[in-house]
Amino acid sequence: MSILEYNGAAIIAMKGRDCVAIASDRRFGIQAQTVSTNFQKIFEMGPRLYIGLPGLATDVQTVHQRLQFRLNLYELRENRRIKPKTFLSMVSNLLYERRFGPYFVEPVIAGLDPKTFEPFIASMDLIGCPMVTDDFVVSGTCSEQMYGMCESVWEPNMDPQELFESISQALLNAVDRDAVSGWGGIVHIIEKDQVTTTELKGRMD
Amino acid sequence: MEFLIGIQGKDFVLVASDTSSARSILSMKQDTDKMHRMTDNLIMLVSGESGDTVQFAEFISKNIQLYKMRNGYDLSPSAAANFTRKNLADYLRSRTPYMVNLLMAGYDKNEGPSLYFMDYLASMNKCPFAAHGYGAFFSLAILDRYYTEDVTRARAVELLTMCVEEIKRRFIINLPAFRVRIVDKDGIHELPTIKPQVSVRSIASESL
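From first to last, the protein sequence lines are chains E and G.
Residue numbering for the first sequence follows our numbering, starting at 6 and increasing by one per position.
Residue numbering for the second sequence follows our numbering, starting at 1036 and increasing by one per position.
The following block contains the structure:
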């Protein structure tokens, strides 16, 4: 039993035309037992910048809090919103600092540049190795299933409605093949002028 | 082998814990109180490594009292829970981690009632009902079926009794008594200890 599978999670981020989407499941469980179905794994770090944190639940909360602290100091010093690419480096640095005693989270970042509104998605392993892609990123206990689903439903230049459908179907069907993730879903569609948050109705098992 | 449970109602939180202290095969004490008072409207239930439980609970309790002395007012339940989580998380990666599972139940005049579940790894979640221990495997399903958000005090005690009777019937370890308390705007009140009596169900067997 791997420590990354102790709580169970599933996160996907996808790029569309002038928009990005990020989705996660909502389960908080301890191995086989489900404790609650409203656990937050995606956190808003800026008006158009979101980070998804799958992995060990305690580290999800600790990394979010430590990251929020660093981001607050950055914004106070620089007097501006952080760019997604810079934020990627900030998260990578936070994780690599713990190279030999890591936080058990494998983050996924999705956002739009604060000035140019260019879409950006990236993911990282638990020691901070960044990976920036043009299509989609997945992370969690059912990553193989999510890769398969995303490869099937993703197309380039989808508009926000199509993107919402794709990411929702990818998430719901992937978590249905994993015992420790699922129990509901939440999707954020991030566009230039608005962020739409939708709760998904899925199998509660 | 220990059991903690909490059920949140509209304006109260009902909490209960078993009362036995055991080591290996020996039950040393049958009237243990696993609940610790943090403030007038906040209570913490602890289970886990013996020693760590009381040490950690008292450490948090005294720090919460210190906040009140310094600032003149109590920490809210959510602030207290987050403070507890931070301490547990900080100690987790030290040489001396606390192996404590806990529930925090409180009432705040602005936030209303709240129940926080925290496991020994310091993952925290605010829940309408929660339980720790093997007894949770029996209780949570019952509460999923019968719990409603506007549960009254009497109904909450009924639900608690249902859970506790199921544990008495089906859990291999005997947990004879459960201490029950309720937290609401008027403070922490003790309710009668529940000692479940479960009649033996048997089907008539054919005589030999």
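Backbone N, C-alpha and C define an ideal beta-carbon position, used for all residues, glycine too.
No experiment lies behind these values; they were computed from the predicted model shown.
Can you find a CB in chain G that lies within less than 8 Å of the CB of residue i?
i                 : result
Glu40 of chain E  : The question names Glu, but residue 40 of chain E is Val in the sequence shown. Taking Cβ atoms only, chain G reaches closer than 8 Å to Val40 of chain E, which makes this a yes.
Ala184 of chain E : no
Thr138 of chain E : no
Gln66 of chain E  : yes
Leu61 of chain E  : yes
Gly133 of chain E : no
Gly1 of chain E   : The question about residue 1 of chain E has no answer here: the residues shown for chain E are numbered 6 through 210.
Ile27 of chain E  : no
Ile56 of chain E  : no
Ile191 of chain E : no
Phe44 of chain E  : yes
Phe48 of chain E  : no
Ile35 of chain E  : yes
Going by DSSP, what residues sit across from residue i in a beta bridge?
i                  : result
Gly2 of chain E    : For chain E, the structure presents residues 6 to 210; residue 2 of chain E sits outside this window and is missing.
Glu123 of chain E  : In DSSP, Glu123 of chain E forms no bridge with anything.
Ser1062 of chain G : G:Ala1057
Tyr1151 of chain G : G:Met1139, G:Lys1161
Thr1228 of chain G : Per DSSP, none; premise fails for Thr1228 of chain G.
Lys20 of chain E   : E:Val25
His1167 of chain G : G:Leu1039
Phe141 of chain E  : E:Met19
Arg1072 of chain G : G:Ile1078
Asp30 of chain E   : E:Gly190
Arg1216 of chain G : G:Val1050, G:Glu1225
Find the nearest neighbour of residue i within the set the options, judged by alpha-carbon distance.
i                  : options                                    : result
Leu58 of chain E   : E:Leu131, E:Pro165, E:Arg208, E:Thr138     : E:Leu131
Ile1177 of chain G : G:His1167, G:Gly1168, G:Leu1195            : G:Leu1195
Lys90 of chain E   : E:Ala37, E:Lys206, E:Arg53                 : E:Arg53
Thr202 of chain E  : E:Asp23, E:Phe48, E:Gln38                  : E:Phe48
Phe92 of chain E   : E:Ser128, E:Ser148, E:Asp23                : E:Ser128
Ala1116 of chain G : G:Asn1160, G:Ala1212, G:Ile1042            : G:Asn1160
Asn162 of chain E  : E:Glu196, E:Val110, E:Cys24                : E:Cys24
Asp140 of chain E  : E:Glu149, E:Val158, E:Ser148               : E:Val158
Lys1045 of chain G : G:Met1073, G:Gln1065, G:Tyr1182            : G:Tyr1182
Asp198 of chain E  : E:Met6, E:Thr67, E:Pro119                  : E:Pro119
Val1050 of chain G : G:Cys1162, G:Gln1065, G:Ser1085, G:Lys1121 : G:Cys1162
Val40 of chain E   : G:Val1192, G:Asp1179, G:Val1048            : G:Asp1179
Val1048 of chain G : G:Tyr1142, G:Ile1202, G:Pro1112            : G:Tyr1142
Ile1202 of chain G : G:His1224, G:Lys1220, G:Val1233, G:Val1192 : G:Val1233
Lys989 of chain G  : E:Phe105, E:Asp181, E:Tyr55, E:Val68       : Because chain G spans 1036 through 1243 in this model, residue 989 of chain G falls outside it and cannot be assessed.
Gln38 of chain E   : E:Tyr11, E:Ser29, E:Met50                  : E:Tyr11
Glu80 of chain E   : E:Cys155, E:Met50, E:Thr138                : E:Met50
Val200 of chain E  : E:Asp181, E:Gln166, E:Glu102               : E:Gln166
Val192 of chain E  : E:Tyr55, E:Leu76, E:Glu149                 : E:Tyr55
Thr138 of chain E  : E:Val113, E:Gln70, E:Gln66                 : E:Val113
Pro1112 of chain G : G:His1224, G:Lys1220, G:Leu1210            : G:Lys1220
Asp181 of chain E  : E:Glu196, E:Met151, E:Glu204, E:Glu160     : E:Met151
Verify whether the separation of the beta carbon atoms of residue i and residue j is less than 8 Å.
i                  : j                  : result
Gly153 of chain E  : Arg31 of chain E   : no
Gly34 of chain E   : Gly60 of chain E   : no
Asp183 of chain E  : Gly21 of chain E   : no
Ile194 of chain E  : Ala18 of chain E   : no
Ala1140 of chain G : Val1199 of chain G : no
Ser1052 of chain G : Leu1039 of chain G : yes
Pro124 of chain E  : Leu117 of chain E  : yes
Ile16 of chain E   : Gly187 of chain E  : no
Asn1076 of chain G : Gly1168 of chain G : no
Ala115 of chain E  : Ile27 of chain E   : yes
Ser1158 of chain G : Thr63 of chain E   : yes
Phe1091 of chain G : Val1081 of chain G : yes
Val1215 of chain G : Pro1227 of chain G : yes
Leu9 of chain E    : Phe169 of chain E  : no
Ala1165 of chain G : Gly1041 of chain G : yes
His1254 of chain G : Met1079 of chain G : Only positions 1036 to 1243 of chain G appear in this structure, which leaves residue 1254 of chain G out of reach.
Asp1109 of chain G : Thr1074 of chain G : yes
Ala1212 of chain G : Ile1238 of chain G : no
Thr1054 of chain G : Gln1043 of chain G : no
At the 8 Å Cβ level, is residue i part of the contact set with chain E, yes or no?
i                  : result
Leu1127 of chain G : yes
Phe1118 of chain G : no
Cys1198 of chain G : no
Phe1152 of chain G : yes
Met1159 of chain G : yes
Leu1156 of chain G : yes
Ala1165 of chain G : yes
Ala1115 of chain G : no
Phe1172 of chain G : yes
On the three-pair Cβ rule with 8 Å, is the segment 1097 to 1105 of chain G touching the segment 1128 to 1141 of chain G?
In this structure the segment 1097 to 1105 of chain G does not touch the segment 1128 to 1141 of chain G; the number of beta carbon pairs closer than 8 Å is below three.
Within 8 Å, do at least three Cβ pairs link the segment 1165 to 1173 of chain G to the segment 1189 to 1209 of chain G?
yes
When you compare the segment 1142 to 1160 of chain G with the segment 1178 to 1188 of chain G, are there three or more beta-carbon pairs, one atom per stretch, that lie closer than 8 Å?
Contact between the segment 1142 to 1160 of chain G and the segment 1178 to 1188 of chain G is not established, with fewer than three Cβ pairs separated by less than 8 Å.
Segment contact, 8 Å Cβ cut-off, at least three pairs: the segment 77 to 86 of chain E with the segment 1140 to 1149 of chain G:
no
Does the structure place the segment 96 to 104 of chain E close enough to the segment 131 to 142 of chain E that three or more beta carbon pairs sit under 8 Å?
yes
Examine the Cβ distances between the segment 172 to 186 of chain E and the segment 43 to 57 of chain E and report whether three or more of them are shorter than 8 Å.
Between the segment 172 to 186 of chain E and the segment 43 to 57 of chain E there are fewer than three C-beta pairs closer than 8 Å, too few to call the two in contact.
Does the contact criterion of 3 or more C-beta pairs under 8 Å hold for the segment 195 to 210 of chain E versus the segment 1119 to 1131 of chain G?
no
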